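Visitor:
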Amino acid sequence: MTKFTLRFSNIAILALIAFSSITLQAQQSDLSVEKIMQDPKWMGTFPSRIQWGIESENIYFQYNLENDPDDSLYKIDLSNQSKIVKVSQQEKENMIPRYGDYNDKKTEMLFTENGKLLLYNIRKASKTELIDLGERIIDPQFMADESKISFILNDNAFIYDLDEGTITKLTNINKGKKREDREDKLSDKNQWIQDENLDLLEVVNERKEKSETSKSYRESVAQEEDYAFYAGDKQISGLSISPNGKYVSFNLIKRERGENTDVPNYVDQSGYTKDLPARSKVGDDKTEVELALYNIEKDTVFMVSTAELEGIKDLPDYVKDYPDKEWEEKVREVITSPAYFSENGEKAIVSIRSKDNKDRWIAQLDLEDGSLTTIDRQRDEAWIAGPGLGWSFGGGTIGWLPDNKHIYFQSEATGYSHLYLLNVDNGEKKDLTPGEYEVFNPELSNNKKYWYLTTSKEGPDVRHFYKMPVMGGKMEKLTNMTGNNQVYLSPDEKYMAIYYSFSNKPWELYLKKTGKGEAKQLTSGQSEAFASYDWRTPELIKFEAEDGAMVPARLYTPSEETKNDAAVVFVHGAGYLQNVHQWWSSYFREYMFHNLLTDLGYTVIDIDYRGSAGYGRDWRTGIYRHMGGKDLSDQVDGAKYLVENHEINPEKIGIYGGSYGGFITLMAMFNEPDTFAAGAALRSVTDWAHYNHGYTSNILNEPVNDPIAYRRSSPIYFAEGLEGDLLIAHGMVDVNVHFQDVVRLSQRLIELGKDNWEMAVYPVEDHGFVEPSSWTDEYSRILKLFNESLLDK
C-alpha cells in the first residue's frame, strides 16, 4: 500500500476504484460492489413492523408495492389472503391500537388517543371516549375491580369510576421543593446590601417585621394541609399503581452523565461547522435512582432502602489484581425497577441491579413500611445480561401469575437464560425450560394457563415458537420452517402471523393456525434482479479453538475452478450479536459481498467468536476484562482451520469488520501480523476508555478501577505491531464511535513511522452508513485492498 493518505470520498475516486476492481469481477461474477451496495430497494420490498387488527381480522405491516419514497401501511384480510391492500389515511386514523390494557374476559380494551382515555368494546366493535382532561393521560389499567380504571396524569395517580363517572386523585406528588424548604439564602454581597438598607430606612424595616409577625400568626392558626410529596431536583418516573388502589410506587431519578463529547459536523446545510451533542465517556454515568412507595391509606411516602440486600457490599473478584489499592466494602449503588404488583394488589416485587452490574436481585416489597426481602439473587463476576434479563430501569421478563403467589422471571443461573417460577410464600423456585438453549420473549396466554415462547431448543442456529403449560411441562412446537420464526399471535390466539427468513431468503410474511399444519406464504417481495442470482446458503461449521472450545462459523467456499487460495475473515459488530444462523442476516450487504468474494475465488469465514449472543453465559462473558483476547484468538484459530482444511495459503488471509468488528480487525493487524496480511477496520473503537458507559463498563469495569483491563483491550496501545496492509474507514459525524478514535490512532501510527496504512473518511456518515455512494466507496476500497494485498503475493 502507499504511504498514509487522508482521502475524502468523491465521485472521481469512486470511479477510479470501480475501474480498477470491477474489471476482475465482470469476468467471474454477476455481482459487483455497485450492484450490492446500491439502495436496498433494488432487492425488492419486504414486510416489517407486523401487527394484528384488534379483532384478529387483519394483519397490518409496513410494505411498498407502489415504489413510494418510504414504506407505507398495508394489510391482508384473513377473508382474502391473496390480496395485499394499501391502508387509506382515514382507516389509519380510525385504527384501534393493538397494545392497550384488556379486561380479564378480553372483551374490552383501554387505550389513549391524543391524550384522551378511550374504551373499546371488541364484541360491538365500538369505542367510547371516557375522559378528556385537556392534558395527556398515560398508562390506563383496569383495576382488580374492573369497574374502576387507574391512570397517570402529570406524574400523579388517579382512579376513574366507570359506574359513577367520577375521578379520584390518589397521590399528591410535586416537582421541586416545598416552599419553606427552598433555599432563599442570599449571597454575602446581597445580604450586606439588604442589612444596610434595613438599617438606613426605618419604614422598610418596620414593614419587614410586620410581615414576619403576620406569617407566624397565620401558620399558628392554619389547619394541617393534606400530605404532599416533593421530588426536589429529581425526575419522577415509572409510576405503578396497585390493582386495589392502595399503593403507588415510583422512581426518583437524578441524572448526571458527566461531560458530553461534541462531534463536529463539517457539512452542515448552513455552511458552518456545527457541533452535534454526543455521549460522554465510560465512567461518567453518575445517575442515581431511588424507589418510593406511596401508601395511600397512611397518606405517606416510604423511601425504599436497598442497604440490607444480600451481598450488597460484596467486592468484585478483580480487586485481587490491585493489592496495593485499599478497597472499601460499602453499600453499592443500584438501579431499581418500579414495583410489580400482584393481581390482587396485596403483594409486590422489585427487580434491582447493582450499578456495577455484578448482581440482579428480585426482592419482595413490604407494602406497609417499604422494606425489602431478597427472594432471588443472581451474581455474575463478569456482568449480568442475557435474553429477558432487561436493562436500564426495567426488569426484563418479570411478573405475577394470577394465583398471587408465584412470580415469573428469566435468569442465567444455569448458564443459559431460562424461564423460572418462584413461590414467594415458601421460596420454592422452578426452572420451567431446563437445557442448554435459550428462551426469548415468553408471554402468558389470554387465559393465563399457558406460555407462548420462542427458544433455540433445536439449535442455536434456528428459532421456533412453542406453547407450554403455565406451571411447566411438555413444550408443543408451533412452527416448522427451518430458520427464524418470529411469531405475532392474533389477539384471539387462533392464528400466528410468522415473520420468517432463511439464510439466503429475506424476511417474508406467513400465516398459520395456532396448532398443527403448514404455514402459508402471504408476501413474496424479491425483485427479479435480486432473485436472478443464486444466493449461497453458507455452510455451518464448528472448528476447535486453542482452549478446546468449539467455535461456530459460517463458511463460503468457491468452486475448484475459481479458487484462488486466499481467504477473508469477517468479524461481526455489536459485540453481543449472533451472525452464525440459518436466517437472513442483519448484515445483508456483507452477506452479498461474501457471495461476490466467493465468486472471485476467495474462501470466506464468518465467526461467532467469544462474546457473541446465542450460546449462553460462558460464551457471552468470554471477553470479560480482555476484549481482544479470546474473541481475537477465535479469529486466528478460524484462519488456521482454513489453512489446514481448505488449502488456504497462510500468507493470503485478510480480515475485516465494522464497529466491534473494526476493533477486532485492528487488534488482529497489530497483534497477529503473522496470521493476517491485510485488514479493513470500519468505524472501529481504538481506545475503550473513550467509548460509552453502558456497554463498556459491564465488560471492562471502569478505567479508574480496572486500568489493566483497558490497557490490554485497546488497539491504540499495540499499534507498533502493524506489519500488513491496513485500511481504516470512518464516518466523520459518528456519534457512537467518535471520529476522534481514528484521529488519535492515526497520530499514533504517524509517530511510529508506519507507512502501510491509509484512511478513508466519510463526511456525511454516522455510525451506520445510509448513502449508497458511501457504501460503494467503502467496499470498493475493501475489495481493492484484498485484491492487491492478498492476490498479488
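Counting the sequence shown from 1 gives a position; my numbering is that position plus 1.
Even for Gly, the Cβ is constructed at its ideal location relative to N, Cα and C.
Keep in mind the model is a prediction, meaning the values are calculated, not measured.
Please return the same chain residues whose Cβ sits closer than 8 Å to the Cβ of I139, not counting the five positions on each side in sequence.
Guide: For I139, where only same-chain residues beyond five positions count, the Cβ hits under 8 Å are T113, F152, I153, L154.
Visitor: Would you call P324 buried or exposed, if buried means 16 or more other Cβ atoms sit within 10 Å of its Cβ?
Guide: With fewer than 16 other Cβ atoms within 10 Å, it is exposed.
Visitor: Where are the beta strand (DSSP E) runs, 3 residues long or more, that stay fully inside the stretch 690-745, in chain order?
Guide: Whole beta strand (DSSP E) segments, 3+ residues: 726-732.
Visitor: Classify P141 as buried or exposed, calling it buried when 16 or more other Cβ atoms lie within 10 Å of its own Cβ.
Guide: Buried, since its Cβ has 16 or more Cβ neighbours within 10 Å.
Visitor: Please state the DSSP three-state secondary structure of R782.
Guide: Note: R782 maps to helix in three-state DSSP.
Visitor: Output the boundary residues of the alpha helix (DSSP H) element that contains G639.
Guide: Counting along the chain, the alpha helix (DSSP H) containing G639 begins and ends at 631-646.
Visitor: Determine the closest residue to L723 out of G680, H407, E459, M760, with distance taken between C-alpha atoms.
Guide: Checking every option, the nearest Cα to that of L723 belongs to G680.
Visitor: Can you have a look at P98 and say buried or exposed, based on whether 16 or more other CB atoms are within 10 angstroms of its CB?
Guide: So P98 ends up on the exposed side.
Visitor: For D864, which of D381, D707, K299 has the nearest alpha-carbon?
Guide: No statement about residue 864 is possible, as the shown extent of the chain runs from 2 to 794 and does not include it.
Visitor: From which residue to which residue does the alpha helix (DSSP H) around T524 run?
Guide: T524 -> no alpha helix (DSSP H), and no H or E assigned at all.
Visitor: Locate the alpha helix (DSSP H) running through M482, then write down its first and last residues.
Guide: No alpha helix (DSSP H) contains M482, which DSSP labels as neither H nor E.
Visitor: Using only CA atoms, which one of L683, V738, G725 lies nearest to H694?
Guide: Comparing Cα positions, the closest option is V738.
Visitor: List the residues that DSSP assigns as beta-bridge partners of K468.
Guide: Paired residue(s): Y453, E477.
Visitor: Flag this pair as touching only if the stretch 517-527 and the stretch 577-594 have three or more C-beta atom pairs under 8 Å; answer yes or no.
Guide: No, because fewer than three Cβ pairs between the stretch 517-527 and the stretch 577-594 fall closer than 8 Å, the two stretches do not touch.
Visitor: In terms of residues, what are the limits of the alpha helix (DSSP H) holding H407?
Guide: Element bounds for H407: not the alpha helix (DSSP H) but the beta strand (DSSP E), 407-412.
Visitor: Is the stretch 280-291 in contact with the stretch 255-269, if contact means three or more CB pairs nearer than 8 Å?
Guide: Yes: at least three Cβ pairs fall under 8 Å.
Visitor: Give the secondary structure of Q39 by DSSP, where H, G and I count as helix, E and B as strand, and everything else as coil.
Guide: In this structure, Q39 counts as coil in the three-state DSSP scheme.
Visitor: Applying the criterion that 16 or more other CB atoms from any shown protein chain within 10 Å of the CB defines a buried residue, is W689 buried or exposed?
Guide: With 16 or more other Cβ atoms within 10 Å, it is buried.
Visitor: Can you find the residues in the same chain that come closer than 8 Å, C-beta to C-beta, to Q29, ignoring five residues on each side of it along the sequence?
Guide: Excluding sequence neighbours, Q29 sits near T563, D600, L601, G602.
Visitor: Compare the Cα-Cα distances from K475 to each of Y231, Y467, E561 and report the closest residue.
Guide: Measuring from the Cα of K475, the nearest candidate turns out to be Y467.
Visitor: Grouping DSSP H, G and I as helix and E and B as strand, with all else coil, what is L792?
Guide: Coil.
Visitor: Please list, in chain order, all residues of the same chain as G549 whose beta carbon is under 8 Å from its beta carbon, the five residues on each side excluded.
Guide: Taken in chain order, the list of residues that qualify is empty.
Visitor: Quick test of your reading: W585 and S502, contact by CB under 8 Å. State the CB separation rounded to the nearest angstrom.
Guide: Correct: roughly 4 Å between the Cβ atoms.
Visitor: In chain order, which continuous runs of the beta strand (DSSP E) of length 3 or greater are located wholly inside the stretch 499-560?
Guide: Runs of the beta strand (DSSP E) inside the stretch 499-560: 506-514, 540-545, 551-557.
Visitor: Going by DSSP, what residue range makes up the alpha helix (DSSP H) through H595?
Guide: Taken as a continuous stretch (DSSP letters only), the alpha helix (DSSP H) holding H595 covers 589-600.
Visitor: So what does DSSP say about G658, is it helix, strand or coil?
Guide: DSSP places G658 in strand when its eight states are reduced to three.
Visitor: Just list the beta strand (DSSP E) runs in the stretch 125-154, keeping only unbroken ones of 3 residues or longer that don't cross its boundaries, in chain order.
Guide: The stretch 125-154 contains these whole beta strand (DSSP E) runs: 127-132, 138-143, 149-154.
Visitor: Cβ of K178 within 9 Å of Cβ of N447?
Guide: For K178 and N447, no; Cβs fall outside 9 Å.
Visitor: Assuming W328 is part of the alpha helix (DSSP H), what are its boundary residues?
Guide: It is not in any alpha helix (DSSP H) - W328 carries neither H nor E in the DSSP assignment.
Visitor: Buried or exposed for E779, going by 16 or more other Cβ atoms inside 10 Å?
Guide: E779 comes out buried.
Visitor: I want to know whether the stretch 710-729 touches the stretch 621-641 - three or more CB-CB distances under 8 Å.
Guide: Contact holds: three or more Cβ-Cβ distances are below 8 Å.
Visitor: Would V302 and Y295 qualify as a contact pair, given that the criterion is a beta-carbon distance under 9 Å?
Guide: In contact: V302 and Y295 (Cβ atoms closer than 9 Å).
Visitor: In angstroms, rounded to a whole number, what distance separates the CA positions of L119 and G166?
Guide: Each residue's alpha carbon lies about 13 Å from the other.
Visitor: Given L25, which residues of its chain have a CB within under 8 Å of its CB, disregarding the five upstream and five downstream residues?
Guide: Note that L25 scores 44 on pLDDT, short of 50, meaning its location in the model is unreliable; the coordinates nonetheless yield the value given after this. These residues qualify, in order along the chain: L601, N788.
Visitor: With DSSP as the reference, please indicate the residues paired to H419 in a beta bridge.
Guide: Looking at the DSSP assignment, H419 forms a beta bridge with S412.
Visitor: Measuring only the C-alpha atoms, how far is A386 from L753?
Guide: The alpha-carbon atoms of A386 and L753 are separated by roughly 39 Å.
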